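Residues 0 to 260 in my numbering are what the sequence shown lists, from first letter to last.
Worksheet for the structure shown next.
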Amino acid sequence: MDCLVAGANFLLKAVQHEAFTHMSSKKEYVQIDQNDLYPYLLVNIGSGVSMIKVDRDHKFERVSGTSVGGGTFWGLGKLLTQCKSFDELLELSHEGNNRVVDMLVGDIYGTDYSRIGLASTAIASSFGKAISENKELNDYRPEDISRSLLRMISNNVAQIAYLNALRFGLKRIFFGGFFIRGHAYTMDTISEGVHFWSKGEAKALFFRHEGFLGALGALMNHGSKDIADLLSLRFTQELPTSVGGTEDSLHSSTLFSVNEN
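What follows is the structure in structure tokens.
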């Protein structure tokens, strides 16, 4: 965990276009003031999930977490779809429709439940339709099962993350870990979850180099003096070109606060 936090701190301080939001397939880079970085919430989604409140360099605390994470997605997905790899399961989700498997608000009420702020398309129960339909596992497409699983895990993590940010009054929520892997729909779903539970007051932030947090942190801890010299610099990189239909842009306005009205 020391390496994870050290790597995140380094990237957020040293790389100008490191953090970005990802909503509705649109990637938007966010400029962060080094003097206003701390505190923040780091959500690492691996086999399980750790939520870490980072106060400054070398000062952090694991404040929450959940056992329902990437390992849950991969384990249930392997059992239900017979996929042979995590990447294969993600690829299946691209072609899936979770509405075939999930019970939506509209399935219960026939329309929006506007009195409590729920759209008809909101998920009322993940995998809920499997209860009420006279179908067996083989009657459902693996693609739809994978999509439903991905949404279930992402929505759950997003909700717990926002509640912890609210609990500690943290202004920023960064997500990283093996579960994300630059997957556009995963980031979209996490972002939508944070947006929903915060009523639009908060945004999920992601790392451009999220797959290297631990490795960078290990390097820093091994040669802290040399890395300290690097931190005196601010690396400016050209914005990457769009990949997979994702639109990239740069955003420099003040970041959200979960306590703002």
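Yeah, the Cβ is synthetic: ideal placement off N, Cα and C, and Gly gets one too.
What you are looking at is a predicted structure, and each value in this text was computed from that prediction instead of being measured.
When rounded, the separation of the alpha-carbon atoms in residue 66 and residue 123 is 22 Å. Residue pairing of residue 40 in beta bridges, as defined by DSSP: 52 and 172. Between residue 208 and the set 59, 2, 11 and 111, the nearest pair of CA atoms involves 11. Residue range 25-29 is occupied by the beta strand (DSSP E) that includes residue 27.
In this structure residue 74 is not in contact with residue 177, their Cβ atoms being roughly 13 Å apart against a cut-off of 8 Å. Using a 10 angstroms sphere on the CB of residue 60, the tally of other CB atoms stays under 16, which defines it as exposed. Per DSSP, the beta-bridge partners of residue 112 are 117. An exposed status is given to residue 135, since fewer than 16 other beta-carbon atoms sit within 10 Å of its beta-carbon. Boundaries of the alpha helix (DSSP H) around residue 195: 183-196. Judged by DSSP in its simplified three-state form, residue 90 adopts helix. Taking 8 Å as the cut-off, the Cβ atoms of residue 184 and residue 92 count as close. Close CB contacts of residue 182 within its chain, under the 6 Å cut and outside five residues either way in sequence, are with 89 (chain order).
Checking the DSSP bridge columns, you'll see residue 71 has no partner listed. CA-CA distance, residue 166 to residue 138, rounds to 43 Å.
In the structure shown, residue 0 adopts coil according to DSSP, grouped into three states. Approximately 14 Å separates the beta-carbon atoms of residue 72 and residue 100; this is outside 8 Å, ruling out the contact.
Residue 57 carries a coil assignment under DSSP once its states are collapsed to helix, strand and coil. Rounded to whole angstroms, the gap between the alpha carbons of residue 58 and residue 206 is 20 Å. Here residue 110 is exposed, its C-beta having fewer than 16 other C-beta atoms within 10 Å.
Put simply, of 22, 94, 15 and 160 the residue whose alpha carbon is nearest the alpha carbon of residue 143 is 94. In this chain, the alpha helix (DSSP H) harbouring residue 221 covers 212-221. Excluding sequence positions up to five before and after residue 23, its CB lies within less than 8 Å of the CB of 187, all in the same chain and listed in chain order.
Distance from the CA of residue 149 to the CA of residue 189, rounded to the nearest whole angstrom, comes to 10 Å. Looking at the backbone, the Cα of residue 219 and that of residue 121 are separated by about 43 Å.
The beta carbon of residue 146 lies closer than 7 Å to those of 92, 95, 96 and 97 in the same chain, with the five residues before and after it left out.
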